[in-house]
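Protein sequences appear in the order of chains S and G. Take 0 as the starting number for the first sequence in numbering that gives the first Met the number 0 and just add one per residue. Take 0 as the starting number for the second sequence in numbering that gives the first Met the number 0 and just add one per residue. C-beta: ideal position from N, C-alpha, C; glycine also. In this text the structure is predicted, and so the values were computed from the model without any measurement.
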Amino acid sequence: MKPLSMPFRLFLSGVSLALAVSPAAAQDSWVIRADAVYTADGEAIEGGFVAVSDGKIAGVGPGSGGGGDVLEAAAVTPGLIDLSVRIGTREFSVEQSTETPIELDVADTLDLFSYRWARELRSGVTTVLATPYDNAVLGGYGTVLKTGGEPTLEGRTLKGKAVLRASMGSQPSSGNYPPRGTSPSNFYARRPTTRMGVEWVFRKSYYDALADEQNDDPRLAILRETIQGNLPVAVQAWATQDVRTAVYLKEEFGIPRMFLDAAAEAWKEPALLVRSGVGVVLPPFSFEGRVSDGYTNAEHFLALDSAAKLHAAGVPIALSAHNAMDVGSRLPRQAGMAMRGGLSFEAALAAVTLEPARMVGVEDRVGTIEVGKDADLVLWSGKPFELTSRVIGVLLDGVLVVDPREEQ
Amino acid sequence: MATARQSENHSTTSVPLEDNPMKAFRSRIFRPALVCALSTFALSSVASGQSEKLVIEAGRIMTLAGEDIADGVIVIDNGRITAIGSQDEVEKPWDAQVIGGPEFTAFPGFIEAHSYRGMDRPNENVDVAPFLDVRDSVDPVAYYFEDCLRWGITNVNIQQGNNCVIGARGMVVRPTGMTIEEMAVRPNFGLKMSASPKSGKSRATQAQSLREAFGELRRYLEDLVQAEKDEKGFAAREAMFQGRELDGEKAEGRPMGGTAWKVEGLEMIPRGAIDEKMEPLLDVVEGRRQVFFYCGGPTDVPRALDLARENGFLPRTVLVIDESCWKAADLIAEAGVPVVLEGSLVHTERDAITGEEIETFVPDELAERGVRFALSSENASTSSLWYQAALAIGLGLDRDAALEAVTRVPAEILGLGKEVGSLEVGKLGNVCLFSGDPLSVTSWVEHVVIEGREVYDRSEDVRNRHLLEGVQPAGTAVPGGDDAEHGVHGESREKGGKDEEGK
């Protein structure tokens, strides 16, 4: 029996090669020629090239790009960025000792050997934001990392301690019960049990941080970092009321940098988001409009034109796939769905490259095809984000982790 | 009897199917059998009695029967295509209604080869229930049928759910109409079986129950013949006790057909005297009824094929397979049966040693071995076949093969190969007008015509506007909508999120 069909065999061999071979030994200089080079930074280049040297982008422009080891594709885009991958960060990784484990770092719990990273690479995703899971109100540091390369934090981290994770809504309070008929010191009786309680825990933490600036509690120092604008706050907010709460808290404490994650119903409040300068990471689209956090089973309505509507209003938007196993739900398909809802191709491309890079402050390294940036590139069989196109090649820091030459 | 009920309800002109697999059968059988066959395998027409003419104009016609036509015209008269060609070739009847325009792409309707949606409940508690008919369960106002039109699906084969041993008889419908009679295209069509265990059973008891159903049929027929031999007129009297009229072909007996096993003396039994529970299974053994055999894993495939061989219905078997069944693709190819691929296009498993994720693109595996397959949207994240076809192309399937798998192949599986599946003169006037390439992510179904009648217009699709723009237009109701907060929702469906994270 023939074990694997062509496109998928290449994924496996390509990915395992990348894991096995140390970056020093792997080739990281190429010339990529494509019918269309989408840089995510200005106009598309028809019949262009991207030159890669020592893991960085060395040249981009029209024409053939001269000699060297040539890879060909119908289209090339920057490596895709997903700020909501949720790999290895489910409830078992949630610290239960407090509702505000602010000083914890998700980097300490990431499983870099998970097979799910390879799934991201196959889908063209080269950079992700990993955050603690959302069962705490203030959940700790998130980290920006590459999806491939040597499986060490040093090897993969693009920006450690990149965001502070917060969560609104019912998830941090779900599973908690009022101390009725049980000892108040009972494990579950301790935490907030309502949306109001969640908001209060957030507010109290910030009051504590502001009340005594001399307090050297490291947790409060981290909150002051967010108020000083050195650390963005990434807030999970699925429902409209959670979107509003997050923005009101931002304005109340003067937190300069905040973006919302899984903001399914943000499309109902574009003006509020513009007023407060808050960006949005949308959860994966569904065909029936309903989406769920998969934890509390609350359903939210994500209109298909959400991305288009928010973009038109001037809200920075990013798309995410939540590490979907289903090939029809991965990040390139989310961009396609956003286009189905009326978003232009250019804006859809930015929503999976430059916009998310800006939200977490790594746009100097990734997010566009520009000379000097990391050579994270995706090669496509046709127009990107169409269902009828696929990712045929991926370069990560100039190393070929999915090889387009095995395609034919 | 189901056949009697049909002839009552379907007083509209019934058109026999030319490509019916019954054709060869008919020539061998004497006349009463022919009449019976006609009434069983009748195609009811939505447009019969009408003589309305419709002209559809499109900037591009994808006929799926040869070349595309640029700047084309389709003329539909009395429900069927009477002319198709470019603007300067085709004469447009002066009295025809005209829809379409140069901005549209015309495409034959998609055909769902197998579905168990649109029913009150898709599964039956009784293990062996061929006496039931899905027509009693199909809900014409189910949101699913509205969704079919929205996605350009013009025919659906509705069969019982997979959680059965032997299920109910199915039917092919057009997803439009307020009554089941308006919807019926091929009533009393097909029978569902499952080689995968019904809930509460093991694979062994499932296999035994399947074999036993046919064993019971055989014993029943033998006992009936013996009783008739012992006492002439026994069968006819039994039928009358059970309230069944024996007239016309029902009063006639005929020898047992089929190729597998025979009960001698069956010609002595009036066909109308055969028990309702047994009759559909007898149809199966005689090769007169399509079987949709569900296989939820590769291990189920040989069991299904063996049962089909033992009882002579392999030539009328369609396997409904889950994505893991690609591992049995060689067996499927050898048996020469077509399949409906239900669910994901990609089979995902973990390598037992390295832990890496292995993804197998199933349509490639089937195509390589020459297995004829239809794609299905059952168990997919959407009830849209354009999406499945486009995704299949994205994953590496040839474009023509992908288009065939949602049009021509399902049409043939349903015995409708000469009626639907492409745009040709003589075929039914089932046409979808897309705003662009039917497989592009930015294209929408703008108009759907079924048998010459426009049944969907996106500009009037309130529900679609809601999905797209999120705003519930005032004064509109949404199916199942009791969620005051969002005013959304149709039937409750299993959500995506198949990921195994955290398990």
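Problem set entry | Member of Pro92(G), Trp93(G), Pro107(G) and Ala95(G) whose CA lies at the smallest distance from the CA of glutamate 423(G) | Indexing the second sequence from 1 puts residue 423(G) at position 424. Among Pro92(G), Trp93(G), Pro107(G) and Ala95(G), the Cα nearest to that of glutamate 423(G) belongs to Pro107(G).
Problem set entry | Limits of the alpha helix (DSSP H) - the one that lysine 308(S) falls within | Reading the first sequence from its first residue, position 309 is the one you call residue 308(S). Unbroken alpha helix (DSSP H) run through lysine 308(S): 305-312.
Exercise. Under a three-way DSSP split, which group does glycine 46(S) fall into?
Worked result: Here residue 46(S) refers to the residue found at position 47 of the first sequence. Strand.
Exercise. Per DSSP, alanine 379(S) is paired with what?
Worked result: On the first sequence, residue 379(S) is found 380 positions in, with the first residue counted as 1. For the record, residue 379(S) in the displayed sequence is tryptophan; it is not alanine. Beta bridge pairing from DSSP links tryptophan 379(S) with Ala74(S) and Val390(S).
Exercise. Any idea which residues DSSP pairs leucine 402(G) with across the strands?
Worked result: The sequence position of residue 402(G) within the second sequence is 403, counting from 1. Answer is none; leucine 402(G) lacks a bridge partner.
Exercise. So, arginine 98(G) versus glutamate 450(G), is the Cβ gap smaller than 8 Å?
Worked result: The residue you call residue 98(G) lines up with position 99 of the second sequence. The residue you call residue 450(G) lines up with position 451 of the second sequence. The residue asked about is misnamed: residue 98(G) is isoleucine in this sequence, not arginine. Contact: no.
Exercise. Among Ala39(S), Leu82(S), Gly141(S) and Ser28(S), which residue has its Cα nearest to the Cα of valine 51(S)?
Worked result: Working through the first sequence from its first residue, we reach residue 51(S) at position 52. Of Ala39(S), Leu82(S), Gly141(S) and Ser28(S), the residue nearest in Cα terms is Ser28(S).
Exercise. Which first and last residues belong to the beta strand (DSSP E) in which tryptophan 29(S) is found?
Worked result: Position 30 of the first sequence holds residue 29(S). Segment 29-36, the beta strand (DSSP E) holding tryptophan 29(S).
Problem set entry | Through-space distance from leucine 137(S) to isoleucine 101(S), alpha-carbon basis | As a first step, residue 101(S) must be located in the first sequence, where it is residue number 102. As a first step, residue 137(S) must be located in the first sequence, where it is residue number 138. Each residue's alpha carbon lies about 6 Å from the other.
For this session: Quick one: using the 10 Å Cβ neighbour count with 16 as the cut-off for buried, is serine 63(S) buried or exposed?
Result: Taking the first sequence and counting its residues from 1, one reaches residue 63(S) at position 64. Here serine 63(S) is exposed, its C-beta having fewer than 16 other C-beta atoms within 10 Å.
For this session: Put glycine 48(G) into one of helix, strand or coil per three-state DSSP.
Result: Within the second sequence, the letter at position 49 stands for residue 48(G). Only weak support exists for where glycine 48(G) lies, its pLDDT of 44 falling under 50; the value from the coordinates is given anyway. Coil.
Exercise. Rounded to a whole number of angstroms, what is the C-alpha to C-alpha distance between glycine 154(S) and valine 164(G)?
Worked result: Translated into the one-based positions of the first sequence, residue 154(S) becomes position 155. Translated into the one-based positions of the second sequence, residue 164(G) becomes position 165. Rounded to the nearest angstrom, the two C-alpha atoms are 55 Å apart.
Exercise. At a Cβ threshold of 8 Å, is alanine 306(S) touching chain G?
Worked result: Counted from its first residue, the first sequence places residue 306(S) at position 307. Alanine 306(S) does not count as touching chain G.
Exercise. At what residues does the alpha helix (DSSP H) containing lysine 249(S) begin and finish?
Worked result: In the first sequence, counting from the first residue as 1, residue 249(S) sits at position 250. Counting along the chain, the alpha helix (DSSP H) containing lysine 249(S) begins and ends at 239-252.
Exercise. Thinking C-beta only, is glycine 381(S) closer than 8 Å to valine 25(S)?
Worked result: Position 26 of the first sequence, counted from the first residue, corresponds to residue 25(S). Position 382 of the first sequence, counted from the first residue, corresponds to residue 381(S). In the sequence on display, residue 25(S) carries alanine and not valine. Taking 8 Å as the Cβ cut-off, alanine 25(S) and glycine 381(S) do not qualify as a contacting pair.
Problem set entry | First and last residue of the uninterrupted alpha helix (DSSP H) at lysine 228(G) | The residue you call residue 228(G) lines up with position 229 of the second sequence. It spans 202-229 - the alpha helix (DSSP H) in which lysine 228(G) sits, taken as one unbroken run.
For this session: Using only alpha-carbon positions, find the residue among Ala117(S), Lys308(S), Ala161(S) and Gly397(S) that is nearest to proline 131(S).
Result: For the purposes of this step, residue 131(S) is identified with residue 132 of the first sequence, where counting begins at 1. In terms of Cα proximity to proline 131(S), the closest of Ala117(S), Lys308(S), Ala161(S) and Gly397(S) is Ala161(S).
Exercise. Using the beta-carbon of each residue, which ones in chain S are nearer than 7 Å to threonine 347(G)?
Worked result: Start at 1 with the first residue of the second sequence, and residue 347(G) comes out as number 348. What threonine 347(G) touches in chain S: Met324.
Problem set entry | methionine 336(S) classed as buried or exposed, judged by whether at least 16 other C-beta atoms fall within 10 angstroms | As a first step, residue 336(S) is located in the first sequence; it is residue number 337 there, counting from the start. Buried, since its Cβ has 16 or more Cβ neighbours within 10 Å.
Exercise. Since threonine 387(S) meets chain G, which of its residues come closer than 7 Å, beta carbon to beta carbon?
Worked result: The residue labelled residue 387(S) in the question sits at position 388 within the first sequence. Within chain G, the residues near threonine 387(S) are Ala389, Ile392, Gly393 and Leu438.
Exercise. By the 10 Å Cβ neighbour count, where 16 or more other Cβ atoms means buried, how is glutamate 214(G) classified, buried or exposed?
Worked result: Locating residue 214(G) in the second sequence gives position 215, counting from the first residue. The amino acid at residue 214(G) is misidentified as glutamate; the sequence shows glycine. Its Cβ having fewer than 16 others within 10 Å, glycine 214(G) is exposed.
Exercise. Given a limit of 7 Å on CB to CB distance, which residues of the segment 262-278 of chain S reach chain G?
Worked result: Within the segment 262-278 of chain S, the residues whose Cβ lies closer than 7 Å to some Cβ of chain G are Trp266, listed in chain order.
For this session: Buried or exposed for isoleucine 316(S), please, with buried defined as at least 16 other CB atoms from any protein chain shown within 10 angstroms of its CB.
Result: Taking the first sequence and counting its residues from 1, one reaches residue 316(S) at position 317. Buried, since its Cβ has 16 or more Cβ neighbours within 10 Å.
Problem set entry | Top-ranked residue by Cα proximity to lysine 158(S), from Asp363(S), Gly168(S), Val124(S) and Phe300(S) | Position 159 of the first sequence, counting from 1, holds the residue named residue 158(S). Selected option, being the one with the closest Cα: Asp363(S).
For this session: Could you work out which residues of chain S lie near glutamate 468(G), taking near to mean beta carbons separated by less than 7 Å?
Result: Residue numbering aside, residue 468(G) sits at position 469 when the second sequence is read from its first letter. Result: Ala302 and Asp304.
For this session: Starting from phenylalanine 48(S), find everything on chain G with Cβ-Cβ shorter than 9 Å and list it in chain order.
Result: In the first sequence, the residue the question calls residue 48(S) occupies position 49. Those do not exist, as phenylalanine 48(S) stays about 25 Å from chain G at its closest Cβ, beyond 9 Å.
Exercise. Do we get a CB-CB distance below 8 Å when we pair glycine 327(S) with the residues of chain G?
Worked result: Along the first sequence, read from residue 1 onward, the residue named residue 327(S) stands at position 328. At least one chain G Cβ lies under 8 Å of glycine 327(S).
Exercise. In chain order, what residues of the same chain have a beta carbon less than 7 Å from the beta carbon of leucine 374(G), not counting five sequence neighbours either side?
Worked result: Translated into the one-based positions of the second sequence, residue 374(G) becomes position 375. In its chain, beyond the 5 residues on either side, Leu340, Leu384, Gln387, Ala388, Ala391, Ala404 and Val405 have a beta carbon closer than 7 Å to the beta carbon of leucine 374(G).
Problem set entry | Contained alpha helix (DSSP H) runs [length at least 4] in the segment 308-359 of chain G, N- to C-terminal order | Runs found: 328-334.
For this session: Indicate the three-state DSSP secondary structure (helix, strand or coil) for threonine 178(G) in the structure shown.
Result: On the second sequence, position 179 is the one that residue 178(G) refers to. Residue state for threonine 178(G) is assigned as coil, using DSSP reduced to three classes.
For this session: Measure from the C-beta of methionine 167(S) to each C-beta in chain G and report whether the shortest distance is under 8 Å.
Result: Within the first sequence, residue 167(S) is the residue found at index 168, counting from 1. Cβ-Cβ to chain G under 8 Å: no for methionine 167(S).
Problem set entry | Length of the line joining the Cα atoms of proline 301(G) and leucine 330(G) | Here residue 301(G) refers to the residue found at position 302 when the second sequence is read from its first residue. Here residue 330(G) refers to the residue found at position 331 when the second sequence is read from its first residue. Roughly 7 Å between the two C-alpha positions.
For this session: Consult DSSP for leucine 432(G) and reduce its assignment to one of helix, strand or coil.
Result: Sequence index remark: in the second sequence, residue 432(G) carries index 433 (1-based). It is a strand residue.
Exercise. Can you find a C-beta in chain S that's less than 8 Å from the C-beta of tyrosine 512(G)?
Worked result: Nothing about residue 512(G) can be reported from this structure: the residues present for chain G run from 0 to 502 only.
Exercise. Of the residues that make up the segment 114-146 of chain G, which ones have a beta carbon closer than 9 Å to any beta carbon in chain S?
Worked result: Within the segment 114-146 of chain G, contact with chain S at the beta-carbon level (separation under 9 Å) is assigned to Asp146.
Exercise. Is any beta-carbon of chain G found at less than 8 Å from that of valine 401(S)?
Worked result: Sequence index remark: in the first sequence, residue 401(S) carries index 402 (1-based). Not one chain G Cβ lies under 8 Å of valine 401(S).
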